[in-house]
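The opening position of the sequence shown corresponds to residue 1 in UniProt numbering, with each subsequent residue numbered one higher. Beta carbons: idealized from backbone N, C-alpha and C, even for Gly.
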Amino acid sequence: MRILYHYFLLTVFLLFNVPDVGASRQLFAIHPVIYPYPVEPMEYPEYSRRPYPALSWSDFDHRTQFVAGRNVPSNETELADVPGLVYRPGASFLKNQEFTGKLQYIGKHGMYLHNIGGYGPGSPFYGSFGEYIVPEWQTEQIRKHLGHRFTGFDVGEQDGRFNFTYKQIMEPYIPDRRRQYLASQPYFDRVAADLGNWCSSLSVLWYWHYILKEGYTILAGAETQNKITNGQVQYMHLRGAGKQYGILWFGDVSVFDTWGYKNYSRDEKYERVNKGGSLSLFKRSYYTQYMYNATILSMESGWCEGHFATNKGELTPIGKMHTDCANFVEKYGQPGCMVTQIALLNDFYSGWMPADHIAGRFQVWNGMDYEAGDFLTDAMISLFFPNYERSGFFHDETGAMCATPYGENADVLHSDARVEVMKQYPVMVAAGNLFSGGMELADKVKEYVHKGGTFIVTAENAARIWPEWKIGKSRTVPAGGIVRIGENELVERGNFELYRASLPDEAHVLAMIGGEPVAVNIPVGKGQIILSLTAYGLNAAPLEYNKPPTWMQGGFNTFLGRPYSLLNHFRSIVDAVFKSVQLFEVGEGLGVIVNYLEEGKYRLAIYNNTLESLPFSIRSKIGRIKSIDELSTGDKLFQAQGYWPNGIRGDMNGKDNDSYIFGGDIRLFDVSVDEERVELAEKIQQAKPVSHRLLVFDDILFTKETIRYMPTFFDYFSGISVEGDKLLQADSYALKEQNKWFCLQKLQITADLRKGFASGRWTFDSSLPQYKQTLIELKEIADKLSLLYGEDVLFIPSTPIGFSIPSELADLNFQLVKSPGQGMLKSAGDGYELLDTPSLDWETVYGLLKNKLPAAQHISGGQQSSQQHVLPDNRNHILALDRYSKGILKDIDEIDCFYNAFGGVCVSAEYLANYSLDALREEKKLLDERGISMVVSFIEEINHFPGLTLCDAVPEYYEKSMDYYKRILDKMGELQIGVALFTTHGRVESDKYPAQKVYVGMKKTFRYLSEYGEKRGVRLLLTNTRFRIADTVDKQIKMIREIGESNIGIALNLNHLSESESGLYVRKFRKQLRERLGAVILGGPVSYKHSEYLPVPNSDKSVRVANDLEGVLLIDKVYPLDRERVYKDCQYMGWIKE
């Protein structure tokens, strides 16, 4: 294929100038398209799956509501002195003796109960803070008296807490984005479960999409402040997530900043007028969130003079601002739909975090370093909000709100977005590394473009979506390369990788370097693709940049540079596209939001984040302005104490008139235009819920985790059909626990009995010997199905049976599977469809579903593992299997060198928990025949929150944890597994339960478990784990001595040695530990930031001396479990017998 070099003919297609130095002054025609329809949750397929319906605008009477206080009134005297029907109490309200009476009062008077906060993970519940488990009777009372006027229990700031505590939670820290998603979700799962899965989310840092997707969130917001993530960035993510999953959002303004909080009081005890955020920032945040279409506007506190959250008495400037805004909404009504025409598309598993914040810099998923795609995300967001990452770093509030060169005209979507959502945006940018989307994302993007969308994409992502273009690297262009766009020449500061491609004949060159195309435009259907033939539109080698100290190091009032930034030519093209869909311009250095009211009429919010007056002028790019009407926001408050940022005084002599906007101010205007050069999009119908379509699973084990590797599962399936044999093997208690998530998701669970009948294990022929066992086992399968969400359906083949269903099983719900069905789907029973797949990899599932892969053949019988035997010399060599292992022998067969190098395996306690004792006995028998020993690890699950605990800070979970420990130790005793690995956990956040109390509680628990295990022939080995209590070897020895139990030994974890211990060798520890040393976990610390494991050959210490230890288990932990990495470890240790 060839490219049409219409390089000098671009003016035929180009419309208007772009005032950008050295940039393209020409652009393909992209017309502004407005999607003027609010999010209506009831139209989304997710709506029917949520345990509590997502709130709709009708629930808010189609108007923005206001929070009036942090109390809950029970009579007129307790009503706030500021306007608002919404009350937002703390968790102490749950203990209030008038709980029901207060609900009755606010319900009777049409008020709202909002965002009950104060949940503290893992802390005892004292006052208004701690981990509280909402009892069912209270949720029933809320449902009875408030219904949809309750906005949910607050999953508040938990994204920030998780960021600060992940190091003591995750063991190990696996630097893989998909695994990080799996490791992160349980934290929020437990929060939501404690709150009855009736939640509103309030983010402060990140994690926007993931909380909204899961099903327990009915309303979402972000706490905006000059402390953590910029509020504009938070809401561009929340709006995108809300549009993806059908969730509305609310506004929230905090009185805090990095250095304190603001409060007005004549009492010195409470006075904080010179602390916290500025009054001007509060006002700008309030009105911008109103323009964002927030359902509720909420100040954290400060309405009236007095203590922190009083709402009675004389109004403070905050209270006056709040009152003026409420009056504004009463007078001028709703702002119309916010116009956002650009979607920044990121990968679902990106885990993206702002470039700099309170706890990290250039990191994703808390601890993984930025890669090229993440710098692209950061660069794209920086185009809309320059210096957004400085929020919380500047005393003058730089970065807390930013100027908007293109207006606030963008939302962030994840790659799991349905095409119906994508089509709401005329422009979509591949704004990160879209590594996980596969064929499905390619199909969605192609449909989006074909229907009229403009898609901006760089080479690495385009190669995945259009493999037929054969995109590949051509050469490295050195720094200083000159790129031509039309008549302009742009010099690139950094080098970059240039790609080549075989593109369609319709492709037109936009930019060239040395005779080669570097950017092209490709018309497709009604839309177009703008393709950069560079990896991610960034320089390839890092550049020198300004590196101020971090937030924790006090790096304030300094700007952060970037090692990677947009190439000048790519930025020029993107700039032109973004400006092509701007509706209005207002002036340099200002921010603007545009909302659509009706044909020819718009509402604009214009704001000035600086300390001085700036000129402004409203200029329409879509038609002649007929009229401009300013809407009064009440008292300007310029003279109010606390208007400016603390310690800083802006220009009090600045202008405030028709041509200038005062420093720190926000002003709103209604603008009418005629001859509009803008298109109104038709309303897009959301996808319908899927019903009775099931994906066949080969196991029930770790179903939640498997589906979380399939972000769009529910777009295509309503449930799963699990092989009957696997249900038989499942532990009933574990099924009940798993069913909580199944119920939350309304995931239908059925049983697939076809394999059992095909193999001859089951029969309905009463003359055969297996007939009686069939009756027993199918009844047991039905009993286990009854524990799970769904209709208790058992699928059987239609032809191989040949006999009628026995009368003993007549009450069971059998459904016949017919083959073939439509396409790859098999029809079954009363309207069911089943999809068989040889792999639960989503690319395979999607390919089969869309007829892009050959039909999957249903396996007729099980495959037997090879019969081998471990070598006697290797009995103390233990391979740690993956936490989510679905079969020991299956995993072993994937490791070529296992029988040549190992004598046993280490499995997670979860593995034993999920299987019935009978199933485990069968597997243990097969392992014994091969000489394979077993060790069980509780390490991955012990972290106090969200997993297992060793102290009684939260009694309900301590009791649950103890029950779990004992059930696993009981199974170990029955199976004669003699070693269990344990670790400590971190401290509790609340000072009501200090670290010493945690330490004492852990000793008590270990003493009990040691005695319990000893009676069952199980020895406990305690391992050192960084970031936790008793984290060093010396502290572990001290703890064990204080416990005084002989049945507790030590598993020395070389990956978790402290910096002071890292120079010591195993022999020295052996002498120190003596008979206590029961195991050595091989490796070495790759980072003291978290618990990532270092491959053994890369260790800076000679771990091979561990081979000399007699009677000590040597455990090889490889994350992720990979045959090549295991082989290299074994080779280094000298375990491979050639």
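Residues that DSSP places opposite residue i in a beta bridge
| i | result |
| --- | --- |
| residue 130 | 119 |
| residue 1023 | 983, 1051 |
| residue 261 | 256 |
| residue 310 | Residue 310 is not bridged to any residue. |
| residue 1029 | Note: residue 1029 sits in no beta bridge, so no partner. |
| residue 564 | Bridge partners of residue 564: none, in fact. |
| residue 906 | 880, 935 |
| residue 473 | 499 |
| residue 646 | BP columns for residue 646 are empty, so no partner. |
Residue i versus residue j: straight-line alpha-carbon distance, rounded
| i | j | result |
| --- | --- | --- |
| residue 775 | residue 808 | 7 Å |
| residue 105 | residue 138 | 15 Å |
| residue 450 | residue 440 | 15 Å |
| residue 928 | residue 903 | 11 Å |
| residue 986 | residue 364 | 23 Å |
| residue 1055 | residue 1092 | 8 Å |
| residue 517 | residue 485 | 10 Å |
| residue 1135 | residue 260 | 58 Å |
| residue 960 | residue 250 | 36 Å |
| residue 1118 | residue 880 | 7 Å |
| residue 173 | residue 193 | 24 Å |
| residue 285 | residue 297 | 10 Å |
| residue 763 | residue 717 | 30 Å |
| residue 349 | residue 178 | 6 Å |
| residue 529 | residue 740 | 44 Å |
| residue 401 | residue 383 | 14 Å |
With 16 other Cβ atoms within 10 Å as the buried cut-off, status of residue i
| i | result |
| --- | --- |
| residue 766 | exposed |
| residue 478 | exposed |
| residue 489 | exposed |
| residue 552 | exposed |
| residue 862 | Per-residue confidence for residue 862 stands at a pLDDT of 43, beneath the threshold of 50, marking its modelled position as unreliable; the derived number appears in the next sentence. By the 10 Å Cβ count, residue 862 comes out exposed. |
| residue 541 | exposed |
| residue 627 | exposed |
| residue 473 | exposed |
| residue 686 | buried |
| residue 1000 | exposed |
| residue 219 | buried |
| residue 577 | buried |
| residue 888 | buried |
| residue 935 | buried |
| residue 680 | exposed |
Minimum C-alpha distance to residue i - residue among the options
| i | options | result |
| --- | --- | --- |
| residue 704 | 729, 687, 716, 746 | 746 |
| residue 494 | 538, 467, 524 | 538 |
| residue 666 | 640, 613, 388, 677 | 613 |
| residue 835 | 695, 955, 754, 958 | 695 |
| residue 30 | 1128, 485, 427, 937 | 427 |
| residue 224 | 1124, 287, 247, 212 | 287 |
| residue 392 | 205, 333, 881, 513 | 205 |
| residue 446 | 311, 458, 435, 462 | 462 |
| residue 53 | 150, 63, 1125, 362 | 150 |
| residue 318 | 824, 327, 304, 395 | 304 |
| residue 85 | 112, 930, 818, 103 | 112 |
| residue 1095 | 1074, 1024, 1123, 1071 | 1123 |
Cβ-heavy atom distance, residue i to the ligand ZN, below 6 Å
| i | result |
| --- | --- |
| residue 929 | The ligand ZN is not among the ligands present in this structure, which contains no ligands whatsoever. |
Neighbour flag for residue i against chain D, beta carbons, 7 Å
| i | result |
| --- | --- |
| residue 326 | Looking at the structure shown, chain D is missing, and only one protein chain is on hand. |
**Item:** Contiguous beta strand (DSSP E) assignments of at least 3 residues, all confined to the stretch 501-558
**Value:** Those beta strand (DSSP E) runs which fall completely within the stretch 501-558 and span 3+ residues are 508-513, 516-524, 527-532.
**Request:** Return the chain-ordered ranges of every beta strand (DSSP E) run that is complete within the stretch 135-205 and spans a minimum of 3 residues.
**Result:** DSSP assignment within the stretch 135-205 yields the following whole beta strand (DSSP E) runs of 3 residues or more, N-terminal first: 153-156, 199-203.
**Asked** In chain order, which alpha helix (DSSP H) runs of at least 4 residues are fully inside the stretch 363-450?
**Response** The qualifying runs are 372-384, 419-422, 438-450.
**Request:** Jot down the residue ranges of each uninterrupted alpha helix (DSSP H) in the stretch 909-997, minimum 4 residues, whole runs only, in chain order.
**Result:** 909-914, 917-929, 955-975
**Prompt:** Can you give, in chain order, each stretch of the alpha helix (DSSP H) that sits fully within the stretch 652-720 and has at least 4 residues?
**Reply:** 703-708
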